[in-house]
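Scroll down for the structure; my scribbles are underneath it.
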Ligand SMILES: Cc1cc2nc3c(=O)[nH]c(=O)nc-3n(C[C@H](O)[C@H](O)[C@H](O)COP(=O)(O)OP(=O)(O)OC[C@H]3O[C@@H](n4cnc5c(N)ncnc54)[C@H](O)[C@@H]3O)c2cc1C
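Protein chains in written order, with my numbering: chain C, 1 to 205; chain U, 206 to 458.
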């Protein structure tokens, strides 16, 4: 690989305190930046439903109350946004995808790919296996508080080992599929998988 | 391999070396960099690039910056606001002089984009450096001699913080359907007859187009401004699908 050009006089913060938990090209923040493509939808808990589907076949549907009555999981994880910020030790609570599958009587995902559908029409795609074995949840709480609408409340996907756009905000429907359908950001130039450790930011990375 | 419809792998966006041709002081805190980039593939108005700086000891830092120039322009321009203690912005909008080099990758983003083919009317809402991708759209519109009805509502702190002021004045004086509305939130010069408060619902309503006209709306700037403007636009009856947003930063201004 060719050496990158040196930016004359640039010192930056230096790699001195850089944690080994920060993937390439990322930097740490302590606040919680917001990134979305459109307006933040107003939460409407009375009409909120979460549905699980196999293709077009419904597998399960939960109201807000029913969803919160499911067994809850807590995760403390590092998150990595494609716009280059990372945040360590974020604490989330919600329902794991394993729990959702169990709740509809399945021990295996009915398809190898998943498309998540959100309020506002956003979608994102994730391989099913990336959502299993405690790796992901539908999160309803951040740091012990109800998830702020700006950050995806009432509920967002949390799949922390992928770039954070995959952790789709305002998620309402999780659809298992036989083939991969690129989601909204993935259609718009972002990587189909999005592994921060391999710096898969954009299509082709 | 499963029989899937995996999209064909695209070539990786390569890091390119950008050489600064010219540095333009836009405001006391904002600078534009005009760049030479061999093999620049071209872009659409509204897209951004990732910039990567490398220090002489190999340390690197990477951030996103919108492209300020029109796709029709001969050189790519970035416009950067220097933030207090900003690792990358204080370099790009501070230390950089003509001849300096850094890496760039892009263009990126197929969503926050306007081309003349999309038509209008177009309502652009920007705060601070959030005007940058909107300026690319206005420059593209002007270069294409489009007369799509277009309005820019642009919030700055004070008159001296207005980026591209002279160029905006010139564009709005062409009589080609472009209307400019400034609002100054932290102090106005003597005799200022324009708006002087943060962007709010009444302002979006009086300056913008009626929802029935189905304007394409682009909102860009610091996150709190974008959040509140987008919410007010929804409440005014604009369809969510027509409101595109780009959030530049975590903190308020
Ligand atoms: C898609 C996209 C396009 C962008 N386009 C532009 C552009 O055209 N011009 C431009 O100037 N910036 C743009 N930005 C913001 C830019 O990427 C950097 O975040 C910004 O320059 C700060 O980086 P830094 O290294 O200087 O500051 P950091 O060292 O990362 O942060 C320093 C301090 O500033 C705060 N901060 C970070 N960003 C902002 C902000 N935007 N406003 C206020 N405070 C902030 C941080 O919380 C921190 O306290 C864009 C961001 C995105 C995501």
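Ideal Cβ placement from N, Cα and C applies to all residues, glycine included.
Can you tell me which residues form a DSSP beta bridge with residue i?
i, result
"residue 397(U)", "DSSP output for residue 397(U) lists no bridge partner at all."
"residue 367(U)", "Note: residue 367(U) sits in no beta bridge, so no partner."
"residue 146(C)", "141(C)"
"residue 454(U)", "427(U)"
"residue 449(U)", "423(U)"
"residue 356(U)", "328(U), 384(U)"
"residue 80(C)", "86(C)"
"residue 32(C)", "The partner list for residue 32(C) (beta bridge, DSSP) is empty, contrary to what the question assumes."
"residue 59(C)", "DSSP, once it has assigned bridges, lists no residue as partnering residue 59(C)."
"residue 175(C)", "53(C), 115(C)"
"residue 94(C)", "73(C), 139(C)"
Measure the CB-CB distance between residue i and residue j and report whether it falls below 8 Å.
i, j, result
"residue 205(C)", "residue 162(C)", "no"
"residue 50(C)", "residue 138(C)", "yes"
"residue 234(U)", "residue 310(U)", "no"
"residue 325(U)", "residue 355(U)", "yes"
"residue 111(C)", "residue 54(C)", "yes"
"residue 229(U)", "residue 248(U)", "no"
"residue 418(U)", "residue 437(U)", "no"
"residue 6(C)", "residue 261(U)", "yes"
"residue 160(C)", "residue 45(C)", "no"
"residue 236(U)", "residue 298(U)", "yes"
"residue 64(C)", "residue 141(C)", "no"
"residue 422(U)", "residue 232(U)", "no"
"residue 83(C)", "residue 35(C)", "yes"
"residue 190(C)", "residue 198(C)", "no"
"residue 28(C)", "residue 88(C)", "yes"
"residue 284(U)", "residue 225(U)", "no"
"residue 75(C)", "residue 158(C)", "yes"
"residue 390(U)", "residue 362(U)", "yes"
"residue 420(U)", "residue 385(U)", "no"
"residue 282(U)", "residue 339(U)", "no"
Could you confirm whether any beta carbon from chain U is found closer than 8 Å to the beta carbon of residue i?
i, result
"residue 205(C)", "yes"
"residue 35(C)", "yes"
"residue 49(C)", "no"
"residue 7(C)", "yes"
"residue 188(C)", "yes"
"residue 20(C)", "no"
"residue 164(C)", "no"
"residue 150(C)", "yes"
"residue 121(C)", "yes"
"residue 39(C)", "yes"
"residue 172(C)", "no"
"residue 84(C)", "yes"
For ligand 1, is there a heavy atom less than 7 Å away from the beta-carbon of residue i?
i, result
"residue 268(U)", "yes"
"residue 83(C)", "yes"
"residue 431(U)", "no"
"residue 284(U)", "yes"
"residue 280(U)", "no"
"residue 29(C)", "yes"
"residue 337(U)", "yes"
"residue 291(U)", "yes"
"residue 10(C)", "no"
"residue 288(U)", "yes"
"residue 36(C)", "no"
"residue 414(U)", "no"
"residue 372(U)", "no"
"residue 427(U)", "yes"
"residue 454(U)", "yes"
"residue 253(U)", "yes"
"residue 451(U)", "yes"
Would residue i pass as an interface residue toward chain C - the criterion being a Cβ-Cβ separation below 8 Å?
i, result
"residue 315(U)", "yes"
"residue 264(U)", "yes"
"residue 222(U)", "yes"
"residue 435(U)", "yes"
"residue 267(U)", "yes"
"residue 350(U)", "no"
"residue 432(U)", "yes"
"residue 216(U)", "yes"
"residue 296(U)", "yes"
Does at least one heavy atom of ligand 2 sit under 7 Å from the Cβ of residue i?
i, result
"residue 294(U)", "As for ligand 2, it is missing from this structure, which binds only ligand 1."
Is it the case that the segment 369-385 of chain U contacts the segment 395-411 of chain U, given that we only count it when at least three CB pairs across the two stretches are under 8 Å?
no
Is the segment 303-319 of chain U in contact with the segment 240-260 of chain U, if contact means three or more CB pairs nearer than 8 Å?
yes
Evaluate contact between the segment 348-362 of chain U and the segment 288-300 of chain U, counting only Cβ atoms and requiring at least three cross-stretch pairs below 8 Å.
no
Stretch pair the segment 164-175 of chain C + the segment 121-136 of chain C: three plus CB contacts closer than 8 Å
yes
Is there contact here, the segment 21-28 of chain C with the segment 145-154 of chain C, by at least three beta-carbon pairs under 8 Å?
no
Are there three or more Cβ pairs, one per stretch, closer than 8 Å when the segment 420-435 of chain U is compared with the segment 391-399 of chain U?
no
Given a limit of 7 Å on CB to CB distance, which residues of the segment 233-255 of chain U reach chain B?
Going by chain labels, chain B is absent from the structure shown, which instead holds the protein chains C and U.
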